[in-house]
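Q: Below are the structure tokens for one structure; questions will follow.
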Amino acid sequence: SVQGLSRDTLLSLYPITGTKIYMNLGQPDIVEKYVDLPFDGIGLMRIEFIVSEWVKYHPLYLIKTGKPEEFVNKLADGVAKVASAIYPRPVVVRFSDFKTNEYRGLIGGEEFEPEERNPMLGWRGVSRYISSQYEPAFRLEVKAIRKVREEMGLKNVWVMFPFVRTVPELKKAIKIMEDEGLERGSDFKVWIMAEVPSVIILADEFSKIIDGFSIGSNDLAQLTLGVDRDSEILGRMGYYDERNPAVLRSMRNLIKTAHKYGKTVSICGQAPSVYPEVAEFLVKSGIDSISVNPDTVIYTRRLVASVEQKLILNKSR
Ligand code: PEP
Ligand code: MG
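Quick note: the sequence shown uses the UniProt record's numbering, first residue 462, plus one each step.
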């Protein structure tokens with residue numbers, strides 16, 4: 462029976478692919494359920510669930526009330542749970558990407574969060590980490606990652622910056638991270654999300670300071686097409702579509718430029734989980750890894766293998 466098989470044997474039942482197949486995960490508790498799936502790592506570990514369900518408090522409130530270690534420890538525990546369950550496969554942990562309205566929802570959050578008219582385009586991602594208000598909380602996020610890597614010895618934990626807009630802001634954030642003792646290196650990769658078009662336009666500049674990109678196709682489609690991803694009417698009219706040629710070409714351009722600089726490209730948005738043709742397009746464009754929802758890991762691995770096989774056959778003709 463299948464129960465008697467070792468993990469290695471189980472994994473050998475699936476095709477090997479040149480393109481890595483990663484999985485997206487946000488809830489540490491469910492990692493065990495998926496641990497035997499044929500994925501090569503976690504391509505996007507969202508930490509928002511840990512913060513809202515485990516920590517519950519706004520990090521700046523915890524700092525103010527003298528309990529910053531509550532944030533660090535809980536975040537570290539959540540990340541460690543996933544990293545140890547799938548070790549030595551890598552886990553790409555994304556720093557927090559709440560919008561201001563979501564941060565306001567955390568206990569004690571209202572005091573620290575402005576009300577923005579358009580939080581989706583507001584104080585989000587890296588702009589937050591380098592601001593004098595949030596920087597102390599960003600340092601707690603970094604401390605948690607450092608704890609997992611150094612104290613718990615889980616060196617398969619990498620990091621990813623969300624909603625990057627400019628090179629100078631990213632340089633500042635990386636400097637803060639280094640100041641907390643997390644240095645980019647051969648066993649510690651630093652990725653950024655390519656979801657604001659500026660990152661793709663200036664991909665050559667970004668390539669000089671990071672190890673890899675991960676396409677956030679949800680936001681990239683929204684920002685490339687000028688379509689609110691939550692707009693019902695535009696959704697119904699078909700405007701929000703990651704298969705739009707402008708979005709696809711943008712992704713292909715990124716892969717080309719990143720590879721020129723020896724950097725990897727992944728994707729962690731919904732597109733390849735929902736549209737097999739996008740996965741196929743990306744494999745043909747030379748993407749290095751594809752990160753999908755747990756329920757599409759097996760399907761995607763088989764699909765990617767068949768696309769790769771076709772590419773090889775065509776080449777050898
Ligand atoms: C994305 O934008 O594609 C993404 C993965 O990030 P989120 O959906 O969390 O904004
Ligand atoms: Mg996004």
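Positions of the beta carbon are idealized from the N, C-alpha and C atoms, including for glycine. What you are looking at is a predicted structure, and each value in this text was computed from that prediction instead of being measured.
Indicate whether Glu501 and Ile482 have their beta-carbon atoms separated by less than 7 Å.
A: For this step, residue 501 is matched to residue 40 along the sequence shown. For this step, residue 482 is matched to residue 21 along the sequence shown. Residue identity differs from the one stated: residue 501 is Asp in this sequence, not Glu. Yes; because the gap between Cβ atoms is below 7 Å, this pair is in contact.
Q: Name the two residues that bound the continuous beta strand (DSSP E) containing Gly673.
A: Taking the first residue of the sequence shown as position 1, residue 673 is located at position 212. Residues Gly673 to Ile676.
Q: Taking the C-alpha atoms as reference points, what is the distance between Pro520 and Ala598?
A: Taking the sequence shown and counting its residues from 1, one reaches residue 520 at position 59. Taking the sequence shown and counting its residues from 1, one reaches residue 598 at position 137. Going by the C-alpha atoms only, they are around 6 Å apart.
Q: Hey, would you say Val651 sits closer than 7 Å to Val625, going by beta carbons?
A: For the purposes of this step, residue 651 is identified with residue 190 of the sequence shown, where counting begins at 1. For the purposes of this step, residue 625 is identified with residue 164 of the sequence shown, where counting begins at 1. No; because the gap between Cβ atoms is not below 7 Å, this pair is not in contact.
Q: Rank Leu536, Arg607 and Tyr518 by C-alpha distance to the C-alpha of Ile563 and give the top, closest one.
A: Here residue 563 corresponds to residue number 102 of the sequence shown, with the count starting at 1. One point to set straight first is that residue 563 is Glu, not Ile, in the sequence displayed. Of Leu536, Arg607 and Tyr518, the residue nearest in Cα terms is Tyr518.
Q: Could you pull the start and end residues of the alpha helix (DSSP H) that Thr470 belongs to?
A: Translated into positions along the sequence shown, residue 470 becomes position 9. Arg468 to Ser473 is the extent of the alpha helix (DSSP H) around Thr470.
Q: Under three-state DSSP, which class holds Leu567?
A: For the purposes of this step, residue 567 is identified with residue 106 of the sequence shown, where counting begins at 1. Note: Leu567 maps to coil in three-state DSSP.
Q: By Cβ distance, which residues of its chain are closer than 7 Å to Asn617, with the 5 residues on each side in sequence left out?
A: The residue given as residue 617 occupies position 156 in the sequence shown. If we look at Asn617 and ignore the five residues flanking it on each side, its Cβ neighbours are Ala544, Tyr548, Pro549, Arg550, Pro551 and Val552.
Q: Closer than 6 Å to a non-hydrogen atom of ligand 1 - does that hold for the CB of Asp702?
A: Indexing the sequence shown from 1 puts residue 702 at position 241. No, the Cβ of Asp702 stays beyond 6 Å of every heavy atom of ligand 1.
Q: Is Gly677 near ligand 1, in the sense that its beta carbon is under 6 Å from a heavy atom of that ligand?
A: Here the question's residue 677 lines up with position 216 in the sequence shown. Within the cutoff, so yes.
Q: Confirm the yes/no value for this check: CB of Asp689, any heavy atom of ligand 2, distance under 6 Å.
A: By one-based count along the sequence shown, residue 689 stands at place 228. False, no ligand heavy atom lies under 6 Å from that Cβ.
Q: For Arg697, list the residues DSSP reports as bridge partners.
A: To locate residue 697, count along the sequence shown from 1; it is residue 236. Looking at the DSSP assignment, Arg697 forms no beta bridge with any residue, so it has no partner.
Q: Grab me the residues of Leu505's own chain with a C-beta within less than 8 Å of its C-beta, minus the 5 sequence neighbours each way, in chain order.
A: As a first step, residue 505 is located in the sequence shown; it is residue number 44 there, counting from the start. Only Tyr483, Asn485, Leu486, Val553, Arg555, Met621, Ser675, Cys729 and Ser752 meet the Cβ criterion.
Q: How would you write the range of the beta strand (DSSP E) that Thr725 sits in, first residue to last?
A: Position 264 of the sequence shown, counted from the first residue, corresponds to residue 725. It spans Thr725 to Ile728 - the beta strand (DSSP E) in which Thr725 sits, taken as one unbroken run.
Q: Straight-line CA distance for Lys721 to Ala707?
A: On the sequence shown, residue 721 is found 260 positions in, with the first residue counted as 1. On the sequence shown, residue 707 is found 246 positions in, with the first residue counted as 1. Taking the straight line joining both Cα atoms gives about 21 Å.
Q: Using a Cβ cut-off of 7 Å (strictly closer), state whether Glu666 contacts chain C.
A: The question asks about chain C, but that chain is absent: this structure has only one protein chain.
Q: So which of Leu536, Trp515 and Thr480 has the shortest CA-CA distance to Ile607?
A: Start at 1 with the first residue of the sequence shown, and residue 607 comes out as number 146. Note that residue 607 is Arg in the sequence shown here, rather than Ile. When only C-alpha atoms are compared, the closest one is Leu536.
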